[in-house]
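A.B. asks: Residue numbers (UniProt numbering), protein chains in the order written: chain A, 1 to 296; chain B, 1 to 275.
Below: one structure in structure tokens.
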Amino acid sequence: MSLETGATSGTGTSEAARPDEESDSVSTSSLADLDGTSFAYGAVGSLAFLALWQAAAMAVDRTYLLPSPVEVATAFVVELTAPTTFTVPFVGVAMPATRLTANLAQSLLHYLPGLVVGSVLGIALGVGMGWSGRLDDALTPVTRFLRPIPPLAWIVFAIVWIGIGHGGAAFIVGIGAFWINFYNAYAGVEGVETHLKEVAASLGVDDDLTMIRKVILPAATPSIATGIRTSIGQCWMIVVAAELFGAPGVGFQIINAAQNLATDVSVAYMAVISLVFLVSDGLFRRVERRVLAWRA
Amino acid sequence: MAGVSDGDAAASDSSTADDAERTNATMRGSKVVVDDVGKVYESDRQRVEALSGVRFTVNDGEFVCLVGPSGCGKTTLFRTIAGLEAPTSGEIRLDGEPVTGPGTDRGMVFQEYGLFPWRTVRENVAFGLEEQGVRGTERTDRIDEMLQLVGLTDFADAYPKELSGGMKQRVGIARALAVDPEILLADEPFGSVDAQTRDMLHQELLRIWSETEKTVLFVTHDVEEAVKLSDRVVVMAADPGRVREVVTVDLDRPRDRTEPAFGEYVDRVRRLIGE
């Protein structure tokens, strides 16, 4: 849910058509995926949205105020095909790329490490505190206090400690991923039925590590998976925000193009984020369905 | 306070605890001795005496039911015997050894099944064997044997969510028996299934009991269930939880609920409970 709101606030240009789009997406998600009627409604809604957008863009005489869908699509194709090179960091090899793929690769360079490291640490602490009452008691005041601080606020330390390159951006993404995964892992571990632990104990599990490995982690997996999936989306929001401070990537292009009044390019890069999110979320859902086939 | 034996079976007087005196030839000595067990829950505001001076024994190979009104501490007693809770006073002995925690010598079956939902039927049954380090064909054979025992061979690869309540409980029984425990502890195991399934499960459990020759301690609030299944019924009373009387059910199996003698036992136990 929060992902949707975040995405829409990012694409401020589509404000006018937003209510339509939202009610439509709600109704399709609550119906069966393969329902022909809901698909038809979805197509109608999407076309209406595009038509409204196009009409509004044509009514505005200055293109940069509201680029039309056609202009955005054109800009998208140009960015997708314009050749450039992408230098792989550490290795230093320059690879052929297009402007769009090069920018996306730049973003991934901090998105992926931040997501992975932040998630792993968040899950580890969440499981630890969910499992151990003492650790929970000791660290709850700290986590309660630090949790409300928006990840972006840590940009000051990202800048003074690491600098605002990939490292700084990854740091902020990592903080975002950390909290989301921390809470989901914590809730998952806390919610493990007592019966399961008792059964395991009666079947010979007599140390904490075995209990965590064979009972707690599998039982908490659905909740942990939800945390990972949420952070996959949320971290894109954080990536864009972090790049507004100057780290290279898709988010930087959004603000950079807008400063040159090329808002069509800005919106094209907004669309890139949306597409990347949809693809990664879809892939993760597939993995989740397979891994959690046992879930009722 | 301690269990008073019923008139026609003085030998099963529970107050004789770990004495060896047995008149029943099929009994092979005490498996479980509940020796003057008390359990007090104390909080800032109140003190609840859940169990007081509970004494009885369960003999090797015997089927014993614990019945009583709600709040009589039968579940507390079950958990104490299972080693999930420590008694405040007295002790529980299994084969002469004091119980200090849960262990593989006591297989547990719960009303809510307690199956691992991420494991298939086969993998659930395998859990205890994995912990014991039983591997390869030995493990597979043991699992197959257990699945056959409970009639779930065809569902070996199903997940718990795909099973009915009765089937889930059979998995629970197979999993508990796989590690070859000394005693099977069951806490209202058939409380969540419909009456028809329950009847079927009773027959199955009795068959499994006679095939495996396990000792069974079975907690229930259903008096008919207790009379139908057990050699002896430990009737408990509340406030504080204690043994009111131990009733020996001297009926041949299979038992028929419509028999007058069956009804007499049921009435007698009900009167003891105060129903």
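Even glycine gets a Cβ: it sits at the ideal position worked out from N, Cα and C.
Cβ of residue 362/B less than 9 Å from any chain A Cβ?
C.D. replies: No statement about residue 362/B is possible, as the shown extent of chain B runs from 1 to 275 and does not include it.
A.B. asks: Check for me: the beta strand (DSSP E) holding residue 262/A runs from which residue to which?
C.D. replies: In the first sequence, residue 262/A corresponds to position 262, counting from 1. Neither: residue 262/A is in no beta strand (DSSP E) and is coded neither H nor E.
A.B. asks: Taking 9 Å as the CB-CB limit, is residue 176/B close to chain A?
C.D. replies: Stepping through the second sequence from its first residue, residue 176/B is reached at position 176. At a cut-off of 9 Å between C-beta atoms, residue 176/B counts as an interface residue with respect to chain A.
A.B. asks: Kindly indicate the opening and closing residues of the beta strand (DSSP E) around residue 86/A.
C.D. replies: To locate residue 86/A, count along the first sequence from 1; it is residue 86. 83–87 is the extent of the beta strand (DSSP E) around residue 86/A.
A.B. asks: Just reading off the beta strand (DSSP E) that residue 38/B is part of, what are its end residues?
C.D. replies: Within the second sequence, residue 38/B is the residue found at index 38, counting from 1. Note, residue 38/B: beta strand (DSSP E), 30–42.
A.B. asks: Using the beta-carbon of each residue, which ones in chain A are nearer than 7 Å to residue 63/B?
C.D. replies: As a first step, residue 63/B must be located in the second sequence, where it is residue number 63. Under the 7 Å cutoff, chain A gives no residues; its nearest Cβ is about 19 Å from residue 63/B.
A.B. asks: Taking only three categories from DSSP, how would you classify residue 72/B?
C.D. replies: Within the second sequence, the letter at position 72 stands for residue 72/B. Here residue 72/B sits in coil by DSSP.
A.B. asks: Does DSSP put residue 188/A in a helix, a strand or coil?
C.D. replies: Start at 1 with the first residue of the first sequence, and residue 188/A comes out as number 188. Looking at residue 188/A - three-state DSSP - the assignment turns out to be helix.
A.B. asks: Could you name the residues of chain A that residue 114/B contacts, counting a contact when the two beta carbons are closer than 8 Å?
C.D. replies: Looking up residue 114/B in the second sequence gives position 114. The contacting residues are 193, 195, 196, 198 and 199.
A.B. asks: Below 8 Å on the Cβ atoms is my contact criterion, and I expect residue 251/A with residue 267/A to pass it. Report the Cβ-Cβ distance as a whole number of Å.
C.D. replies: Taking the first sequence and counting its residues from 1, the one referred to as residue 251/A is at position 251. Taking the first sequence and counting its residues from 1, the one referred to as residue 267/A is at position 267. Not confirmed; about 13 Å, so no contact.
A.B. asks: Any contact of the region 240–249 of chain A with the region 167–186 of chain A, i.e. 3+ C-beta pairs under 8 Å?
C.D. replies: yes
A.B. asks: Go through its chain and collect everything with a Cβ distance to residue 129/A's Cβ below 7 Å, but skip five positions before and after it.
C.D. replies: Sequence index remark: in the first sequence, residue 129/A carries index 129 (1-based). Taken in chain order, the residues that qualify are 135, 136, 139 and 186.
A.B. asks: Following the continuous alpha helix (DSSP H) through residue 216/A, name the residue where it begins and the one where it ends.
C.D. replies: Within the first sequence, numbered from 1, the residue matching residue 216/A stands at position 216. Counting along the chain, residue 216/A falls outside any alpha helix (DSSP H), and DSSP gives it neither H nor E.
A.B. asks: Chain A partners of residue 94/B, CB-CB under 9 Å?
C.D. replies: As a working mapping, residue 94/B is identified with position 94 in the second sequence. Here the premise fails: no neighbours, minimum Cβ distance about 13 Å.
A.B. asks: Grab the span of the beta strand (DSSP E) containing residue 94/B for me, first residue to last.
C.D. replies: Here residue 94/B is taken as the residue at index 94 of the second sequence, counted from 1. Start and end: 89–94.
A.B. asks: For a cutoff of 9 Å on Cβ pairs, would you count residue 21/A as touching chain B?
C.D. replies: Locating residue 21/A in the first sequence gives position 21, counting from the first residue. Its pLDDT being 38, under 50, residue 21/A is placed unreliably in this model, and the coordinates cannot settle the point.
A.B. asks: Does the separation of the CB atoms of residue 105/B and residue 182/B fall below 9 Å?
C.D. replies: For the purposes of this step, residue 105/B is identified with residue 105 of the second sequence, where counting begins at 1. For the purposes of this step, residue 182/B is identified with residue 182 of the second sequence, where counting begins at 1. Yes; because the gap between Cβ atoms is below 9 Å, this pair is in contact.
A.B. asks: If the criterion is Cβ atoms closer than 9 Å, does the pair residue 146/B and residue 202/A meet it?
C.D. replies: Along the second sequence, one-based indexing puts residue 146/B at 146. Along the first sequence, one-based indexing puts residue 202/A at 202. No, they are not a contact pair.
A.B. asks: So what does DSSP say about residue 101/B, is it helix, strand or coil?
C.D. replies: Against the second sequence, residue 101/B aligns to sequence position 101. Coil, per DSSP.
A.B. asks: Checking contacts by CB at 9 Å: is residue 165/B closer than that to chain A?
C.D. replies: Here residue 165/B is taken as the residue at index 165 of the second sequence, counted from 1. So, not an interface residue.
A.B. asks: Can you find at least 3 beta carbon pairs, one from the region 119–139 of chain B and one from the region 173–192 of chain B, that sit closer than 8 Å?
C.D. replies: yes
A.B. asks: Which whole-angstrom value is the C-beta distance of residue 200/B and residue 68/B, which I expect to be below 8 Å?
C.D. replies: The residue given as residue 200/B occupies position 200 in the second sequence. The residue given as residue 68/B occupies position 68 in the second sequence. Not confirmed; about 26 Å, so no contact.
A.B. asks: Excluding the 5 residues preceding and the 5 following residue 27/B in the sequence, name in chain order all residues of the same chain whose CB lies nearer than 8 Å to its CB.
C.D. replies: Along the second sequence, one-based indexing puts residue 27/B at 27. Caution applies to residue 27/B, whose pLDDT of 44 falls short of 50 and renders its modelled position unreliable; the value that the coordinates give is listed next. Only 59, 60, 61 and 62 meet the Cβ criterion.
A.B. asks: Distance, Cα to Cα, residue 79/A vs residue 71/A?
C.D. replies: By one-based count along the first sequence, residue 79/A stands at place 79. By one-based count along the first sequence, residue 71/A stands at place 71. So the alpha carbons of these two residues sit roughly 12 Å apart.
A.B. asks: Take every Cβ of the region 37–47 of chain B, pair it with every Cβ of the region 88–106 of chain B, and state whether three or more of those distances are shorter than 8 Å.
C.D. replies: yes
A.B. asks: Over the uninterrupted beta strand (DSSP E) stretch that includes residue 110/B, give me the two end residues.
C.D. replies: Residue 110/B sits at position 110 when you count from the first residue of the second sequence. 106–110 is the extent of the beta strand (DSSP E) around residue 110/B.
A.B. asks: At a Cβ threshold of 9 Å, is residue 202/A touching chain B?
C.D. replies: Your numbering for residue 202/A matches position 202 in the first sequence. Taking Cβ atoms only, chain B reaches closer than 9 Å to residue 202/A, which makes this a yes.
A.B. asks: Which ranges would you report for the alpha helix (DSSP H) in the region 97–184 of chain A if only whole runs of at least 4 residues count?
C.D. replies: 99–131 and 133–146
A.B. asks: Since I believe residue 159/B is in contact with residue 161/A (beta carbons under 8 Å), could you give me their beta-carbon distance rounded to a whole number of angstroms?
C.D. replies: Residue 161/A sits at position 161 when you count from the first residue of the first sequence. Residue 159/B sits at position 159 when you count from the first residue of the second sequence. Not confirmed; about 47 Å, so no contact.
A.B. asks: Quick check on residue 220/B - is its C-beta less than 9 Å from some C-beta in chain A?
C.D. replies: Within the second sequence, numbered from 1, the residue matching residue 220/B stands at position 220. For residue 220/B, the answer is no, since every Cβ of chain A falls outside 9 Å of its Cβ.
A.B. asks: Would the region 109–116 of chain A count as touching the region 204–217 of chain A if we require 3 or more Cβ pairs under 8 Å?
C.D. replies: Judged by Cβ distances under 8 Å, the region 109–116 of chain A makes no contact with the region 204–217 of chain A, as fewer than three pairs qualify.
A.B. asks: Please compile the residues from chain A whose C-beta is within a distance smaller than 7 Å of the C-beta of residue 82/B.
C.D. replies: Translated into positions along the second sequence, residue 82/B becomes position 82. Ordered by position in chain A, the residues that pass the 7 Å Cβ test against residue 82/B are 202.
A.B. asks: Taking only beta carbons into account, state which residues of the region 269–296 of chain A come closer than 9 Å to chain B, listed in chain order.
C.D. replies: 292, 293, 294, 295 and 296
A.B. asks: Look up residue 176/B in the DSSP assignment and give the residues it is bridged to.
C.D. replies: Reading the second sequence from its first residue, position 176 is the one you call residue 176/B. Note: residue 176/B sits in no beta bridge, so no partner.
A.B. asks: What's the C-alpha gap between residue 57/A and residue 48/A?
C.D. replies: The residue labelled residue 57/A in the question sits at position 57 within the first sequence. The residue labelled residue 48/A in the question sits at position 48 within the first sequence. Distance between the alpha carbons of residue 57/A and residue 48/A is about 14 Å.
A.B. asks: Helix, strand or coil for residue 126/B per DSSP?
C.D. replies: Here the question's residue 126/B lines up with position 126 in the second sequence. Looking at residue 126/B - three-state DSSP - the assignment turns out to be helix.
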